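Down below is the structure, laid out as structure tokens.
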Amino acid sequence: MTRTGIHSRPAVLLIAAALLLCLVLGSSFIVLHRLRDLRGAAVEAPAHPLTDEQARQQVVEAARQFVEAGRLDKATATYMLLSCTNRQDPPYQGAVYLDFGLPAPGETRRYFDRIDAALTARGWSVALPPSGHPGGRTLTKDGVTAVYYPNLDAPGRGVLQIYGECRNVTDHRADPTGWVDITAALRR
2 MTRTGIHSRP
12 AVLLIAAALL
22 LCLVLGSSFI
32 VLHRLRDLRG
42 AAVEAPAHPL
52 TDEQARQQVV
62 EAARQFVEAG
72 RLDKATATYM
82 LLSCTNRQDP
92 PYQGAVYLDF
102 GLPAPGETRR
112 YFDRIDAALT
122 ARGWSVALPP
132 SGHPGGRTLT
142 KDGVTAVYYP
152 NLDAPGRGVL
162 QIYGECRNVT
172 DHRADPTGWV
182 DITAALRR
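Residue numbering for the sequence shown follows the working numbering, beginning at 2 and increasing consecutively.
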């Protein structure tokens, strides 16, 4: 005797597929909604926004501290406002890309230890090392993050990247973009 109607094999498979699809779509919605909620403060308008000059000063001052306290040799630096959400929309954060000289290859680790000690004495905290940059270090202070590491593409040179807080809400979508040389601002 063959089954017909709701108890037939094709009907049972169709119902199972429909229930599975509902489960997958519902789970996806919950997961994506939760991920969006986790981004929270990084992409929401800040309660106390920074002006363009304050965002710049936040990271330039951090760069000065590294150059002075870390005694970075032959340092050159550039500055730019970066979007915290995508490539163009507010809020923005100030960013510095700084290039500096390193001692002999066997001395780099001790040199970085001295930089860590000098900056932690000024209130910086050691954070997790950066992924993708062997021998690199990360320091944070007052919402500013600094990542430095040996430049594998240029032996004898180091890279310091400094990122400020995502608190500049001025709309810069129509501004010309590009890194601006701030090397002269590193020295007081």
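Where is the CB? At the ideal position from N, CA and C, for every residue including glycine. Values in this document were obtained by computation on a predicted structure and should not be read as measured data.
| Query | Result |
| --- | --- |
| So, helix, strand or coil for Leu111, using DSSP? | Rather than Leu, the amino acid found at residue 111 in this sequence is Arg. Reduced to three states, the DSSP call for Arg111 is helix. |
| In this structure, does DSSP put Ser29 in helix, strand or coil? | helix |
| For the beta strand (DSSP E) containing Ala96, list its first residue and its last residue. | 93-102 |
| From Tyr164 to Asn87, what does the alpha carbon distance come to, in whole angstroms? | 15 Å |
| How is the beta strand (DSSP E) around Arg138 delimited, first residue to last? | 138-142 |
| Within the continuous beta strand (DSSP E) that includes Ala78, where are the two ends? | 74-84 |
| Tell me whether Asp53 sits in a helix, a strand or coil according to DSSP, three-state version. | helix |
| Grab the span of the beta strand (DSSP E) containing Arg123 for me, first residue to last. | Segment: none, Arg123 is in no beta strand (DSSP E) and carries neither H nor E. |
| Taking the Cβ atom as the reference point for each residue, do Ala64 and Val32 lie within a distance shorter than 9 Å? | no |
| Does DSSP classify Val170 as helix, strand or coil? | coil |
| With DSSP as the reference, label Ala147 as helix, strand or coil. | strand |
| Could you check how far apart the C-beta atoms of Ala70 and Ala119 are, in whole angstroms? I think they sit under 8 Å. | 4 Å |
| DSSP on Leu21, reduced to helix/strand/coil? | helix |
| Should the segment 75-90 be called in touch with the segment 128-138, which here means at least 3 C-beta pairs below 8 Å? | no |
| Ignore the nearest five residues each way along the sequence and tell me which others in Gly6's own chain have a CB closer than 8 Å to its CB. | Ala12 |
| Smallest Cα separation from Ile183: which of Ser28, Thr121, Arg57? | Arg57 |
| Is the distance from the Cβ of Leu140 to the Cβ of Asp117 below 9 Å? | yes |
| Return the Cβ separation of Gly159 and Tyr149 in integer angstroms, given the expectation that the two are a contact with Cβ distance under 8 Å. | 6 Å |
| Check for me: the beta strand (DSSP E) holding Gln89 runs from which residue to which? | Element bounds for Gln89: n/a, residue is neither H nor E. |
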